[in-house]
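Enquirer: Before I ask anything, let me first share the structure, which is written out below as structure tokens.
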Amino acid sequence: MASGKKEGHLEDRVSETTDDLIMFARHARRTKVQSSDVLLLGRRNAGVESVLRSYMDTDGKPAELKEPQGGSDDEHH
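At position 20 of the sequence shown the residue is numbered 20 (UniProt numbering), and the sequence of numbers has no breaks.
Okay, here's the thing in structure tokens:
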């Protein structure tokens with residue numbers, strides 16, 4: 001696949017994902033997307049859902065990010 005086609009496909013996927021998140025929030029009569037909306041995206045793919053859940057605590061809030069296993073020598077920009 002040519003680079004331009006890959007970029008176009010990625011843009012399409014991001015646009016679809018954004019539209020889905022907005023739709024889920026609107027369906028719940030909310031004006032803001034919540035973590036539960038993001039989890040809905042992974043509902044058909046157990047691997048994706050488990051990764052998403054691993055970044056959340058049990059209250060549905062984002063979990064605290066962990067340092068990479070390589071140590072904290074990396075600079076964060």
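Think of the CB as a built atom: it goes at the ideal place given N, C-alpha and C, for glycine as much as any other residue.
Where does residue 37 land, buried or exposed, given buried means 16+ other C-beta within 10 angstroms?
Expert: Answer is buried; the Cβ neighbour count reaches 16.
Enquirer: Can you give the Cα-Cα distance for residue 55 and residue 4, rounded to whole angstroms?
Expert: 32 Å
Enquirer: Give me the DSSP bridge partner(s) of residue 23.
Expert: For residue 23, which the question treats as bridged, DSSP gives no partner whatsoever.
Enquirer: Kindly indicate the opening and closing residues of the alpha helix (DSSP H) around residue 53.
Expert: 46-54
Enquirer: Could you spell out the range, first to last residue, of the alpha helix (DSSP H) harbouring residue 38?
Expert: 35-41
Enquirer: What's the C-alpha gap between residue 100 and residue 50?
Expert: Any question about residue 100 goes unanswered here, given that the chain covers just 1 to 77.
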